[in-house]
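Mapping to the working numbering: the sequence shown position 319 is 320, numbers consecutive.
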Amino acid sequence: MQRLIPTGLRAQISAVVVAPAIAIAVLASLASLWTLSRISSERSTEALHRATERTEMSMQASEQGMQTLALALATNPALIAAVAARDTAGLGAMMMPVYDTLLESDPRIAVFEVGGADGRVLLRAQQPERAGDDKSSSPDIRTALAGQVATGAVNSVTTGSITYGATVPLQQDGRVVGTLRVAGGIDGSMASVIAAITGGEAIVVGRGQPMGATLHGVAPDLLALLQRPDSPALTPDGLMVDVPGTGTHLVRTLPIIDLAGQPVGAIIFGLPMRDWQAAERWGTLATLGAALIGLVLAIPLALILAGRLASLIRRIAGAMSVLAGGDLSQPIPGVGRRDEVGAMAGALKVFRDKLAESRGLEDASLVARLARERRAAALEGYTQDFGQSIAGVMSQLEQASEGMKQAATRMTSVVGQTRTQASGTAGGAAEASGNLVAVASAVEQMSASVGEICRQVAYAAKVAAEAVREAGASDGRMRAVTGSADRIGD
2 MQRLIPTGLR
12 AQISAVVVAP
22 AIAIAVLASL
32 ASLWTLSRIS
42 SERSTEALHR
52 ATERTEMSMQ
62 ASEQGMQTLA
72 LALATNPALI
82 AAVAARDTAG
92 LGAMMMPVYD
102 TLLESDPRIA
112 VFEVGGADGR
122 VLLRAQQPER
132 AGDDKSSSPD
142 IRTALAGQVA
152 TGAVNSVTTG
162 SITYGATVPL
172 QQDGRVVGTL
182 RVAGGIDGSM
192 ASVIAAITGG
202 EAIVVGRGQP
212 MGATLHGVAP
222 DLLALLQRPD
232 SPALTPDGLM
242 VDVPGTGTHL
252 VRTLPIIDLA
262 GQPVGAIIFG
272 LPMRDWQAAE
282 RWGTLATLGA
292 ALIGLVLAIP
302 LALILAGRLA
312 SLIRRIAGAM
322 SVLAGGDLSQ
332 PIPGVGRRDE
342 VGAMAGALKV
352 FRDKLAESRG
362 LEDASLVARL
372 ARERRAAALE
382 GYTQDFGQSI
392 AGVMSQLEQA
402 SEGMKQAATR
412 MTSVVGQTRT
422 QASGTAGGAA
432 EASGNLVAVA
442 SAVEQMSASV
452 GEICRQVAYA
462 AKVAAEAVRE
472 AGASDGRMRA
482 VTGSADRIGD
């Protein structure tokens, strides 16, 4: 299955576009074929319904016409008198010209019989030589002798023929003196009439055997199947039958029911489906041709569109790779399109712009951080230099103070020695009175020197204290500057 799936982007897009087009064409063709078949079936069924309706109306019209004719003749007083008198010669002379006239106007009239009150035939116009047979057991004769009009199909008990028409009573002074039957025969000629009415072919069946047909090639078992009580041919929609030599027919069976309610025959007619099948084949070919033309036009167009779309997607993918490599100068293809690809390209452009903005902010932050670091390093250098300078000054002051302290110590020692020497020599003042003034002067000078030394020491101590105070103040200011630099860096 994996081998059937294309791997290239263009092939996949083409498959995505072409496969639905082919599926749609196939489904549309199948739907069209189904629709054509359904329409053909519906129209052929409608044609069968119309043929059935015309056949039934023709049979009913024939029965009603014959009933009207029989009722009109039944009012003839001469006919009634001849029947009551059982005057067969008079009946022949009177009714034979009437029969000939009726036969000329309606060739379907096959039975014209006059019977007596006992049910025996007095005149059979279609067969003048035959008369006298008893038909009192026939359902239509019994009905007419009972004073009622009988219409419908009749299976002759003497000849075995099947007729349809009307049998009316002949009454004189309120009593039935005979019967008059006017009917058409269900025979081979009727098959031609039914075929002309339906626009197809017909078979007339009586007592299970074909009595006339325009549809040939129907096997006996198929004929029996069409007359079975459960046969689909008895339904309004009929049955599709393949007849050897003549093709497919849509067949309908109309049973012939006698006055006793028993089937005595059938009218089977079929509509040839040649024209319907030809129209359906033409529609099928037209549908398939249209689908094929649509595919021939759609597939190249789909391939072109798929190629353009695949190329654009590949360009967008290349732009994404370039962006992933850090190059933000690459233009984004497809921006401005009003479709999903345009939306994807627009989103990628927004991503690139945001990435460029973020990179700019990072660069600015880096510059600021480096500036802060340089300022901090400079301040640190300044602080170290200042500290070293202060330390040098303090060291020099400490050395000067120590030197002064040693000088003062030495001077104090000299003064002590001088005082000791002065005390030692006081006893010899007389001897050295001449030197006293000189010694006193020397003592005063030494005292002045000691005082000067003490003053210088005090001044040096003051200068040292001032330097220490200035160093503390400078150290506080440097800490404040360092804190400000840290806050600026933050």
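From the three backbone atoms N, C-alpha and C, an ideal C-beta is built for every residue, glycine too.
Quick caveat, the model's predicted, so the values are computed rather than measured.
{"Query": "Rounded straight-line distance, which links the Cα of Arg370 to that of Ala378", "Result": "12 Å"}
{"Query": "Proximity to Gly335 [Cα-Cα], best of Gly326, Leu349, Leu324, Gly327", "Result": "Leu349"}
{"Query": "Exposure label - Val368; buried when at least 16 CB within 10 Å", "Result": "exposed"}
{"Query": "Proximal residues to Ala111 (C-beta, below 7 Å), its chain only, five neighbours per side dropped", "Result": "Gln127, Thr164, Ala184, Gly185, Gly186"}
{"Query": "Euclidean distance between Cα positions of Val177 and Thr144", "Result": "11 Å"}
{"Query": "Buried or exposed (CB count within 10 angstroms, at least 16 for buried), Val297", "Result": "exposed"}
{"Query": "Buried/exposed call for His250, threshold 16 Cβ in 10 Å", "Result": "buried"}
{"Query": "Whole runs of the alpha helix (DSSP H) within the stretch 148–226, excluding any shorter than 4 residues", "Result": "189–199"}
{"Query": "Those runs of the alpha helix (DSSP H) which lie wholly inside the stretch 67–108 and span at least 4 residues", "Result": "78–85, 89–106"}
{"Query": "Cβ-based neighbour list, Gly117, same chain, cut-off 7 Å, excluding 5 preceding and 5 following", "Result": "Val84, Arg87, Leu123, Gly179"}
{"Query": "Beta-carbon contacts of Asp219 that lie in its chain and below 7 Å, excluding the five residues immediately before and after", "Result": "The sequence shown places Val at residue 219, not Asp. Cβ within range, chain order: Ile204, Val244."}
{"Query": "Exposed unless 16 or more other CB atoms sit within 10 angstroms - verdict on Arg315", "Result": "exposed"}
{"Query": "Distance, Arg470 Cα to Ala433 Cα", "Result": "For Ala433, the predicted model reports a pLDDT of 45, less than 50, meaning its position is unreliable and no value from the coordinates is stated."}
{"Query": "Nearest neighbour of Gln278, chosen from Ala29, Thr53, Ser41 [CA to CA]", "Result": "Ser41"}
{"Query": "Environment of Glu381 [buried if 16+ CB atoms lie within 10 Å]", "Result": "exposed"}
{"Query": "Straight-line gap, Lys207 to Leu171 (C-alpha atoms, nearest Å)", "Result": "The question names Lys, but residue 207 in the sequence shown is Gly. Roughly 30 Å between the two C-alpha positions."}
{"Query": "Stretch pair the stretch 221–234 + the stretch 98–109: three plus CB contacts closer than 8 Å", "Result": "no"}
{"Query": "Beta-ladder partner(s) of Ile300, from DSSP", "Result": "Answer by DSSP bridge pairing: none, since Ile300 is not bridged."}
{"Query": "Range of the contiguous alpha helix (DSSP H) that encloses Thr144", "Result": "140–146"}
{"Query": "Sub-9 Å separation of Leu498 and Thr254 beta-carbons", "Result": "In this structure the chain extends from 2 to 491, so residue 498 is not present and cannot be described."}
{"Query": "Local conformation of Thr236 per DSSP, three classes", "Result": "coil"}
{"Query": "Selected residue, minimal CA-CA separation from Glu47, among Gly295, Leu70, Thr199", "Result": "Thr199"}
{"Query": "Cβ shell of Glu281 (< 6 Å), same chain only, five flanking positions each side left out", "Result": "Leu37, Ser41"}
{"Query": "Between the CA atoms of Ala346 and Gly327 - distance to the nearest angstrom", "Result": "18 Å"}
{"Query": "Ser366 burial status per 10 Å Cβ neighbour count (16 or more: buried)", "Result": "exposed"}
{"Query": "Beta carbon of Val265 nearer than 9 Å to that of Asn156", "Result": "yes"}
{"Query": "Asp364 - DSSP class collapsed to helix/strand/coil", "Result": "helix"}
{"Query": "Residue span of the beta strand (DSSP E) that contains Glu114, given as start and end", "Result": "110–117"}
{"Query": "Spatial distance of Glu64 from Met212 (CA atoms)", "Result": "20 Å"}
{"Query": "Through-space distance from Lys463 to Gln407, alpha-carbon basis", "Result": "18 Å"}
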